[in-house]
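Numbering (the working numbering), first residue to last: 52 to 386.
Right, one structure below, let's go through it.
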Amino acid sequence: MLGARITAIGTYVPEKRLTNFDLEQMVDTSNEWIIQRTGIQERRITREDEFTSDLCVAAVEDLMRRYNKTVSDVDMIIVATSTPDFPFPSVSSIIQNRLNIPQKGAIDLSATCAGFVYAIHSAHSFIASGLHHKVLVIGAESLSKITDYTDRSTCVLFGDGAGAVLVERDDTSDSFIGFHLGSDGSGAQHVYRTGLSKQVNEIELIDTQYLVQNGREVFKWVVRNIPDSIENLLEKTQTNLDQVDWFIPHSANLRLIEPICEKIGYPIEKTLYSLVHFGNTSAASIPLALDLGIRDGKVKNNDRLLMYGFGSGLVHAGQLLQLNLDSQVEAPTPL
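And the structure:
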């Protein structure tokens, strides 16, 4: 197998802020209640004419500027998203054209909040096989466009954003240490948005254009299953938790991250999340959290990172890797 590493990262969030105090004017909630239950203070929201492809392009432009990278030689584009501009054409195809990338492979990947981890795992597989050399991976969401702002159980959670990385062949080392993937389709009815079908697992779903989530059931499933899956990944890679510099779980809800850390015995102080100012951004939450750590000077090259995503499906994916980015040539602009 050939080696690969993440060489550059870029992120973008929309300018518009939706604070907890804004939500107090929209639904029966309060800033104190939202913070107590989720840890979220605000989230970013796309304009009416701003879509997931726009967020992707801006994140890639941030990556290129900060690391002096070009994408003209990218030979595969993978976009992880649950909120594409259209059912088809794909977001990856749209940005391939907008970024003037020659006609290379372009696919969208649907694994909801585990999407980014599945995407970088796929990029590593493409490169390790010897079939590709440079893969552009993006996790991006415009969840505000499928959020019901009359439903206080969901509208306080979700926001919009994008994170992009380049995964490139490296003949001297492999940053990708190990992975763990999983799915439990028996819980598919707990987080969904109806499409051509209105039934799953012989259960009739609410027919709606909006995201529907049974938060209580998802919470129980995550706390019951994800810690064991993390332990599986650590055992498979013969890694001790004290060898992990940073844990980066999906930023669903701080009150969900806390029991995961408690069950695996990992300090919350060494856990990165992006939810405080950006909310739950699904496939974008992990790259946003990673980049926040880099921007703050916390995360450095040679740090060992444990990423774990989980979401609708119910799917989950973990990746253990050692960070080895190229040097930045420009400082990042504030998010």
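C-beta: ideal position from N, C-alpha, C; glycine also.
**Request:** For the stretch 240 to 251 and the stretch 103 to 115, state whether three or more C-beta atom pairs, one from each stretch, are separated by less than 8 Å.
**Result:** no
**Request:** Return the CA-CA distance between M52 and R355, expressed in angstroms with no decimal places.
**Result:** 21 Å
**Request:** Taking the CB atoms as reference points, tell me whether S224 and G54 lie closer together than 7 Å.
**Result:** yes
**Request:** Can you give me the start and stop residues for the beta strand (DSSP E) that K67 sits inside?
**Result:** 67 to 70
**Prompt:** Is S226 closer than 7 Å to N375 when the C-beta atoms are compared?
**Reply:** yes
**Request:** Just grab the DSSP bridge partners of M358 for me.
**Result:** I299, Q370
**Asked** In terms of residue numbering, what span does the alpha helix (DSSP H) encompassing I281 cover?
**Response** 266 to 287
**Prompt:** Which residue's Cα is closest to the Cα of R88: D159, R203, Y317, G364?
**Reply:** R203
**Request:** Could you tell me the distance, in whole angstroms, from the CA atom of V168 to the CA atom of D258?
**Result:** 30 Å
**Alpha-carbon spacing of T288 relative to L371, whole angstroms** = 8 Å
**Request:** Measure the C-alpha to C-alpha separation of I30 and M358 and round it to an integer number of angstroms.
**Result:** The chain is shown from 52 up to 386; residue 30 falls before or after that span and cannot be answered.
**Prompt:** Taking DSSP as the reference, what is the three-state secondary structure of D211?
**Reply:** strand
**Request:** Since I believe I299 is in contact with A340 (beta carbons under 8 Å), could you give me their beta-carbon distance rounded to a whole number of angstroms?
**Result:** 5 Å
**Prompt:** What separation, rounded to the nearest whole angstrom, lies between the Cα atoms of V188 and N82?
**Reply:** 35 Å
**Prompt:** Taking three-plus beta-carbon pairs below 8 Å as touching, is the stretch 201 to 217 in contact with the stretch 63 to 71?
**Reply:** yes
**Message:** Out of D222, A191, T97, which one is the CA nearest neighbour of I178?
**Reply:** D222
**Request:** Measure how close the beta-carbons of V111 and L150 come, nearest whole angstrom, since I'm counting them as under 8 Å.
**Result:** 6 Å
**Request:** For E320, count neighbouring C-beta atoms within 10 Å of its own C-beta (all shown protein chains included) and say buried if the count is 16 or more, exposed if not.
**Result:** exposed
**Message:** I need the DSSP call for D105, collapsed to helix, strand or coil.
**Reply:** helix
**Asked** Quick one: is G166 buried, meaning 16 or more other Cβ sit within 10 Å of its Cβ, or exposed?
**Response** buried
**Message:** Would H231 and L284 qualify as a contact pair, given that the criterion is a beta-carbon distance under 7 Å?
**Reply:** yes
**Message:** Cutting at 6 Å between CB atoms, please list the residues of its own chain near S363, excluding the five before and the five after it.
**Reply:** T163, V242
**Cβ separation of S173 and A157, assumed to be a contact under 8 Å, to the nearest whole Å** = That belief does not hold up - the Cβ atoms of S173 and A157 are roughly 13 Å apart, past 8 Å.
**Item:** For Q250, the residue or residues it bridges with in DSSP
**Value:** E255
**Prompt:** Between I128 and the rest of its own chain, which residues show a CB-CB distance below 6 Å, the 5 nearest in sequence each way excluded?
**Reply:** S143, Q147, A157, L187
**Request:** Consult DSSP for T58 and reduce its assignment to one of helix, strand or coil.
**Result:** strand
**Request:** Counting only runs of 3+ residues fully inside the stretch 107 to 155, write out the beta strand (DSSP E) ranges in chain order.
**Result:** 127 to 131
**Asked** From G348 to A59, what does the alpha carbon distance come to, in whole angstroms?
**Response** 15 Å
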